[in-house]
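Protein chains in written order, with our numbering: chain B, 2 to 345; chain Y, 2 to 345; chain E, 2 to 345. Glycine included, every Cβ here is placed at the ideal spot set by N, Cα and C. Quick caveat, the model's predicted, so the values are computed rather than measured. I have placed the structure first, in the form of structure tokens, so that the comments after it can refer back to it.
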Amino acid sequence: MEAFVEKYTPPRIDGDFEGKHIITVEQFNRSDLDIIFDATRKIRRGVMRGEHGIPNLCQHKVLAFLFFEASTRTDLSFQAAMSRLGGRVVGSSNGISFSSVYKGENLPDTVRAAGCYADAIVLRHPMEGATYLTAYYLDLLRNQIGSQPVVISAGDGIGEHPTQALLDLFTLLDVTQRIDGLNITLVGDLKFGRTVHSLAKLIGLYEAPHTTLNFVAPPSLQMPQKIKDFLDTRPVKFTETDHLADVLADSDIIYWTRIQEERFENVADYESIKDAFIMTPDVLAKAKKNAYLMHPLPRKHEMGTPADHEILDRDPRSVYFQQMQNGMYVRMALLAKVLGVTSI
Amino acid sequence: MEAFVEKYTPPRIDGDFEGKHIITVEQFNRSDLDIIFDATRKIRRGVMRGEHGIPNLCQHKVLAFLFFEASTRTDLSFQAAMSRLGGRVVGSSNGISFSSVYKGENLPDTVRAAGCYADAIVLRHPMEGATYLTAYYLDLLRNQIGSQPVVISAGDGIGEHPTQALLDLFTLLDVTQRIDGLNITLVGDLKFGRTVHSLAKLIGLYEAPHTTLNFVAPPSLQMPQKIKDFLDTRPVKFTETDHLADVLADSDIIYWTRIQEERFENVADYESIKDAFIMTPDVLAKAKKNAYLMHPLPRKHEMGTPADHEILDRDPRSVYFQQMQNGMYVRMALLAKVLGVTSI
Amino acid sequence: MEAFVEKYTPPRIDGDFEGKHIITVEQFNRSDLDIIFDATRKIRRGVMRGEHGIPNLCQHKVLAFLFFEASTRTDLSFQAAMSRLGGRVVGSSNGISFSSVYKGENLPDTVRAAGCYADAIVLRHPMEGATYLTAYYLDLLRNQIGSQPVVISAGDGIGEHPTQALLDLFTLLDVTQRIDGLNITLVGDLKFGRTVHSLAKLIGLYEAPHTTLNFVAPPSLQMPQKIKDFLDTRPVKFTETDHLADVLADSDIIYWTRIQEERFENVADYESIKDAFIMTPDVLAKAKKNAYLMHPLPRKHEMGTPADHEILDRDPRSVYFQQMQNGMYVRMALLAKVLGVTSI
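Structure below.
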């Protein structure tokens with residue numbers, strides 16, 4: 002499946018979203034991001050005010066869900082996004098995966114089945130390259146049935162999760178009002194975490210001068226060289242450390258993620274570092290008064306105990322619930338754009 | 002999770018449903034019930050006539066389903082209710098439970114995720130107190146994201162199932178046209194059956210003078226003292242027996258439920274009583290000609306064999322299918338009211 | 002469950018679809034098929050042009066999905082069909098089956114539950130006769146609740162799959178523009194394959210003179226005598242062989258299906274014949290230049306390797322993707338008709 006990452010090149014957006022597959026953040030430039038974020042703000046305002054135009058934007062349109070891997074948040078927020086645009090949702094994560102396993106079906110045929118019925122497909126798959134493969138076969142299908150179904154990635158393996166990165170950057174801009182000159186600290190498993198890969202790249206693509214990314218991870222889980230090479234070509238600086246204390250007091254944004262025990266070869270290595278990667282009220286106390294704490298959720302022990310959650314959740318610097326809700330609005334904007342809506 | 006039953010107090014309705022969590026029948030008074038039942042009748046008439054106004058009542062609104070326990074009837078009827086109001090449904094029972102188990106997620110975060118995307122949540126959970134917990138955390142979320150998602154209980158553990166009690170009482174009033182002076186007989190496992198707990202309390206809250214509740218159960222499965230204490234404070238009488246024959250001939254309503262073998266410490270105890278708790282055509286023959294037989298469904302051996310079902314189903318006194326259908330209409334009324342619809 | 006095939010007789014359509022259960026192709030005559038296929042063409046044109054009338058055809062209507070067996074394509078296409086008509090979909094394949102297994106519920110009660118909430122039910126079930134049983138109990142339910150829910154079969158066991166046959170015949174007519182005088186070759190497991198049973202009968206019912214059906218199957222998997230007896234009463238000829246070469250060069254339509262190893266008593270028997278029942282580019286090379294290759298999908302080894310798929314898919318004679326998409330349009334037409342839409 003990874004072969005399709007080479008075989009298929011996602012189209013650049015360059016101001017025109019209609020009919021384009023959404024696979025990687027690398028398809029976007031600064032201007033594309035501004036278009037999506039402007040649309041997101043308009044849609045959010047419209048939903049909050051109960052404007053009548055919003056639920057008419059995607060009437061007639063059908064979105065198929067192919068989730069070969071469970072994801073409460075991504076699943077629910079895409080469903081809610083399409084529903085609030087007036088569009089329809091078909092398919093269900095378990096229905097699809099069970100059926101396919103049962104019949105030993107192949108992915109090229111399954112995605113083309115969905116493409117025969119729907120205007121767009123949201124795909125989540127455990128294997129890297131699954132979205133590239135889907136885009137490749139949907140393009141073939143266009144020749145056979147005439148219509149133009151698009152695929153939107155909802156995460157494939159350790160590959161990308163572009164809509165998560167979009168909602169992260171939108172939220173970051175939303176709370177800070179500016180990105181130029183910020184100190185943005187990404188913490189956790191930076192080697193395998195696709196969320197932080199996509200976000201780091203997207204910040205690079207946003208072309209924010211004087212912005213610094215701080216990568217805080219255990220030495221064995223640092224940001225991949227590929228991402229760092231990419232950032233070297235962009236107007237953004239980055240630092241690396243395994244001590245949060247080195248950068249915490251200067252951070253404007255603290256983006257927290259989980260470190261999984263399974264990533265370590267032996268338990269002792271994990272035990273030796275894990276306490277340094279747990280966000281608690283005591284840790285947050287050392288951050289700036291006007292910093293913001295983000296997290297892609299779901300969270301586990303990396304944000305301490307349930308009692309810690311209670312305290313962190315009430316801290317005005319914690320914006321992960323806004324971040325979660327923005328996910329729906331960003332996905333509304335993206336769906337509307339790729340489905341050809343021109344009025345937002 | 003049970004701790005939240007103490008920690009969170011559900012709001013009384015007192016004539017104003019908008020934005021209120023629906024957790025227990027104790028939130029309703031007589032006047033609230035009359036409002037819901039009036040709305041139910043209007044909606045039922047509207048749906049049957051295909052009135053155009055009904056599918057516009059909840060346009061723009063999204064209802065999230067969090068079912069951590071399967072329930073064909075409750076799930077389908079809530080889905081149909083929201084759909085017939087023009088609203089949208091997101092989430093799926095298995096999707097959610099699988100996903101949450103998979104990621105080891107905690108309930109406070111899952112319900113807040115749904116609350117970020119939806120206007121209301123229908124929650125079904127195997128543990129008592131889950132709905133109280135949900136209401137508690139949704140109230141916290143209001144401070145963080147500004148919007149006001151509500152939770153409606155679709156049953157939590159051996160706790161309550163308030164919409165089942167509402168549809169039961171609605172059906173009872175619908176077929177008898179009055180409740181004052183009726184003899185209402187509840188049969189089966191009255192100790193663990195949440196359906197009968199909620200219904201008994203709701204009849205008490207309806208303030209129907211001269212109404213008598215007859216509790217028919219094996220001695221070890223009688224109505225809990227807590228419920229009886231509650232009824233002592235209300236204008237309703239009750240009797241207790243383990244012999245249906247004591248009350249059958251005088252009963253206006255016979256509400257039948259199942260007794261589960263697992264509730265008995267040894268099989269012999271169960272075997273000794275089970276035949277007395279099976280409704281068959283022969284038993285129904287001894288009831289009044291104008292009595293009504295109700296059952297919350299699904300049913301198993303407690304209504305005899307499939308051949309017995311065939312005969313019971315054709316008896317005009319059997320109203321459990323109407324009861325099932327009324328479930329959809331009552332839920333439509335309740336959803337419309339908590340979502341702020343003022344026109345019904 | 003099979004007993005209901007005798008106990009319940011599906012109504013003939015005879016020009017009037019409204020409120021009729023759809024269980025077997027034997028309910029249709031030539032004129033009924035022309036009505037459905039005309040409506041299918043109108044709807045397809047309307048969807049492709051984005052006509053505003055289409056999503057209003059089934060507003061107010063609710064379709065319940067009871068899938069006791071997984072089927073990606075049938076499930077998704079029925080969901081998309083109802084959604085594109087503006088109707089609503091409730092239930093989910095896994096939700097239902099899990100719930101029913103869990104509670105040990107019986108099918109007569111489950112289908113009546115769905116019938117209480119929905120205007121129509123799509124049923125897929127592993128046991129033959131399940132759709133007949135459903136129709137029988139829904140008719141009983143009409144007496145109890147007044148409304149008229151209909152069931153549409155999405156396949157029951159080795160019984161029929163009527164909408165698959167409708168979409169197959171529609172596609173065949175769509176690509177050839179005529180059926181009179183055609184050579185239609187059905188290949189694969191003709192004994193247990195319900196798709197080919199329904200299609201053969203439907204072609205017989207379409208009353209196409211001078212049309213020849215060629216049945217190509219291993220001797221132990223030939224078309225059942227019952228189907229052949231039926232065809233003897235219709236204006237259609239048929240031949241039988243176990244060698245594709247006997248008929249391939251003269252075939253206008255080649256309808257390919259899978260042979261399952263499990264159908265053979267010993268592996269050697271299967272191994273000895275299987276290569277003769279694999280469609281590859283080399284086999285297709287021997288077919289007419291203006292022949293068409295159909296397949297109900299999903300496909301496995303009976304269409305060769307993934308590399309074979311790539312070549313077959315690009316051959317203009319392969320119409321299985323059009324066939325798949327037509328499935329949605331045919332189901333839209335059928336749903337609209339049974340739900341009483343008169344404007345198409």
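Problem set entry | Beta-carbon gap between LEU67(B) and ALA115(B) smaller than 8 Å | Here residue 67(B) refers to the residue found at position 66 when the first sequence is read from its first residue. Here residue 115(B) refers to the residue found at position 114 when the first sequence is read from its first residue. Contact: yes.
For this session: Give me the Cα-Cα distance between PRO127(B) and THR213(E), rounded to the nearest whole angstrom.
Result: Along the first sequence, read from residue 1 onward, the residue named residue 127(B) stands at position 126. Along the third sequence, read from residue 1 onward, the residue named residue 213(E) stands at position 212. Rounded to whole angstroms, PRO127(B) to THR213(E) spans 48 Å at the Cα level.
Exercise. So which of ILE185(E), PHE193(E) and HIS198(E) has the shortest CA-CA distance to THR240(E)?
Worked result: By 1-based counting over the third sequence, the position of residue 240(E) is 239. When only C-alpha atoms are compared, the closest one is ILE185(E).
Exercise. Relative to the alpha-carbon of ALA220(Y), which residue among LYS238(Y), ASP233(Y) and VAL188(Y) has its alpha-carbon at the smallest distance?
Worked result: Walking along the second sequence from the start, residue 220(Y) turns up at place 219. In the sequence as presented, Ala is not what sits at residue 220(Y); that position holds Pro. Minimum Cα distance to PRO220(Y) is reached at VAL188(Y).
For this session: Please name the residue, chosen from MET280(B), ILE260(B) and ASP283(B), that lies closest to GLU272(B) on a Cα-to-Cα basis.
Result: Residue numbering aside, residue 272(B) sits at position 271 when the first sequence is read from its first letter. Among MET280(B), ILE260(B) and ASP283(B), the Cα nearest to that of GLU272(B) belongs to ILE260(B).
Exercise. How many whole angstroms separate the CB atoms of LYS289(Y) and SER252(Y), which I take to be in contact at a CB cut-off of 8 Å?
Worked result: The count along the second sequence starts at 1 and reaches residue 289(Y) at position 288. The count along the second sequence starts at 1 and reaches residue 252(Y) at position 251. About 7 Å separates the two Cβ atoms, so the contact holds.
For this session: Kindly indicate if chain B contains any beta-carbon less than 8 Å away from that of HIS211(Y).
Result: For the purposes of this step, residue 211(Y) is taken as residue 210 along the second sequence, with counting starting at 1. Output row for HIS211(Y): interface = no.
For this session: Kindly indicate which three-state DSSP category ILE44(B) falls into: helix, strand or coil?
Result: For this step, residue 44(B) is matched to residue 43 along the first sequence. ILE44(B) falls in the helix class under three-state DSSP.
Exercise. In angstroms, rounded to a whole number, what distance separates the CA positions of LEU313(Y) and PRO282(Y)?
Worked result: Within the second sequence, the letter at position 312 stands for residue 313(Y). Within the second sequence, the letter at position 281 stands for residue 282(Y). In a straight line, the C-alpha of LEU313(Y) is about 6 Å away from that of PRO282(Y).
Problem set entry | Environment of GLN226(E) [buried if 16+ CB atoms lie within 10 Å] | On the third sequence, residue 226(E) is found 225 positions in, with the first residue counted as 1. Classification for GLN226(E): exposed.
Exercise. Beta-carbon of THR281(B) versus every beta-carbon of chain Y: anything under 8 Å?
Worked result: On the first sequence, residue 281(B) is found 280 positions in, with the first residue counted as 1. Not an interface residue.
Problem set entry | Proximal chain B residues relative to PRO236(E), where beta-carbon distance stays under 9 Å | To locate residue 236(E), count along the third sequence from 1; it is residue 235. Under the 9 Å cutoff, chain B gives no residues; its nearest Cβ is about 33 Å from PRO236(E).
Problem set entry | Rounded C-alpha distance that separates HIS302(B) from THR234(B) | By 1-based counting over the first sequence, the position of residue 302(B) is 301. By 1-based counting over the first sequence, the position of residue 234(B) is 233. Distance between the alpha carbons of HIS302(B) and THR234(B) is about 36 Å.
Problem set entry | Min CB distance LYS21(Y) to chain B below 8 Å | Locating residue 21(Y) in the second sequence gives position 20, counting from the first residue. Taking 8 Å as the CB threshold, LYS21(Y) stays off the interface with chain B.
Problem set entry | Cβ pair ILE153(B), ARG195(B) closer than 8 Å | Within the first sequence, residue 153(B) is the residue found at index 152, counting from 1. Within the first sequence, residue 195(B) is the residue found at index 194, counting from 1. No, they are not a contact pair.
Problem set entry | Neighbourhood of LEU340(Y) by C-beta, 7 Å cutoff - its chain only, sequence neighbours within 5 removed | For the purposes of this step, residue 340(Y) is taken as the residue at position 339 of the second sequence. Same-chain partners within the cutoff: CYS59, LYS62, ASP120 and ALA121.
Problem set entry | Span separating the alpha-carbon of MET2(E) from that of ASN57(B) | Here residue 2(E) refers to the residue found at position 1 when the third sequence is read from its first residue. Here residue 57(B) refers to the residue found at position 56 when the first sequence is read from its first residue. Whole-angstrom Cα-Cα distance: 46 Å.
Problem set entry | Residue of ILE345(Y), TYR330(Y) and VAL342(Y) minimising C-alpha distance to MET49(Y) | Along the second sequence, read from residue 1 onward, the residue named residue 49(Y) stands at position 48. It is TYR330(Y).
For this session: State the CB to CB distance for the pair ARG206(E) and VAL26(E), rounded to an integer number of angstroms; the pair is presumed to be in contact (CB under 8 Å).
Result: Position 205 of the third sequence, counted from the start, is the residue given in the question as residue 206(E). Position 25 of the third sequence, counted from the start, is the residue given in the question as residue 26(E). Position check: residue 206(E) holds Leu in this sequence, whereas Arg was assumed. With 8 Å as the limit, LEU206(E) and VAL26(E) qualify as a contact, their Cβ atoms being about 6 Å apart.
Problem set entry | Anticipated Cβ contact below 8 Å, ILE146(Y) with GLN80(B), distance rounded | As a position in the second sequence, residue 146(Y) is number 145, starting the count at 1. As a position in the first sequence, residue 80(B) is number 79, starting the count at 1. Actually they are not in contact, since the Cβ atoms of ILE146(Y) and GLN80(B) sit about 18 Å apart, beyond 8 Å.
Exercise. What is the DSSP secondary structure of GLU241(E), reduced to helix, strand or coil?
Worked result: The residue given as residue 241(E) occupies position 240 in the third sequence. Here GLU241(E) sits in strand by DSSP.
Exercise. Using a Cβ-Cβ distance under 8 Å, would ILE146(Y) count as near chain B?
Worked result: Taking the second sequence and counting its residues from 1, the one referred to as residue 146(Y) is at position 145. ILE146(Y) counts as touching chain B.
Exercise. According to DSSP, which residues form a beta bridge with HIS126(B)?
Worked result: Residue mapping note: residue 126(B) aligns to position 125 of the first sequence, counting from 1. Note: HIS126(B) sits in a beta bridge opposite ASP157(B).
Exercise. Roughly how far, in whole angstroms, is the beta-carbon of LEU170(E) from the beta-carbon of ILE204(E), given that I think they are within contact range, below 8 Å?
Worked result: One-based indexing of the third sequence puts residue 170(E) at position 169. One-based indexing of the third sequence puts residue 204(E) at position 203. Contact flag correct, Cβ pair sits at about 7 Å.
Problem set entry | Reduced DSSP secondary structure (H/G/I, E/B, other) of PHE265(B) | Working through the first sequence from its first residue, we reach residue 265(B) at position 264. DSSP, reduced to helix, strand and coil, places PHE265(B) outside both helices and strands of the structure shown, so it counts as coil.
For this session: Indicate whether at least one CB of chain Y lies closer than 8 Å to the CB of GLY92(E).
Result: Translated into the one-based positions of the third sequence, residue 92(E) becomes position 91. With 8 Å as the cut-off, GLY92(E) counts as an interface residue toward chain Y.
For this session: Note down, in chain order, all residues in the segment 53 to 78 of chain Y with a beta-carbon under 7 Å from any beta-carbon belonging to chain E.
Result: PRO56, ALA71, SER72, THR73, ARG74, ASP76, LEU77 and SER78
Exercise. Along the segment 107 to 138 of chain B, what residues have a CB closer than 8 Å to any CB found in chain E?
Worked result: ASN107, PRO109, ASP110, THR111, ARG113, ALA114, ALA115, CYS117, TYR118 and ALA119
Exercise. With DSSP run on the structure shown, which of helix, strand or coil describes ALA65(B)?
Worked result: What you label residue 65(B) is simply residue 64 of the first sequence in a count that begins at 1. Of the three classes helix, strand and coil, the one that applies to ALA65(B) here is strand, per DSSP.
For this session: Tell me, please, which residues DSSP counts as bridged to THR75(Y).
Result: The residue you call residue 75(Y) lines up with position 74 of the second sequence. Answer is none; THR75(Y) lacks a bridge partner.
Exercise. Taking the continuous beta strand (DSSP E) assigned at ILE255(E), which residues delimit it?
Worked result: If you number the third sequence from 1, residue 255(E) lands on position 254. Run containing ILE255(E): 254 to 257, per the beta strand (DSSP E) assignment.
For this session: Grab me the residues of THR164(E)'s own chain with a C-beta within less than 6 Å of its C-beta, minus the 5 sequence neighbours each way, in chain order.
Result: Start at 1 with the first residue of the third sequence, and residue 164(E) comes out as number 163. ARG332.
Exercise. Using the beta-carbon of each residue, which ones in chain B are nearer than 9 Å to PRO220(E)?
Worked result: Residue numbering aside, residue 220(E) sits at position 219 when the third sequence is read from its first letter. Those do not exist, as PRO220(E) stays about 27 Å from chain B at its closest Cβ, beyond 9 Å.
Exercise. Does the Cβ of THR75(Y) have 16 or more other Cβ atoms within 10 Å, making it buried, or fewer, making it exposed?
Worked result: Counting from one through the second sequence, the residue named residue 75(Y) turns up at place 74. Buried, since its Cβ has 16 or more Cβ neighbours within 10 Å.
Problem set entry | VAL91(E) - partner residues in DSSP beta bridges | In the third sequence, the residue the question calls residue 91(E) occupies position 90. In the DSSP assignment, VAL91(E) is bridged to ALA65(E).
For this session: Could you tell me which uninterrupted alpha helix (DSSP H) segments, each at least 4 residues in length, are contained entirely in the segment 141 to 217 of chain E, listed from first to last along the chain?
Result: 163 to 177 and 195 to 206
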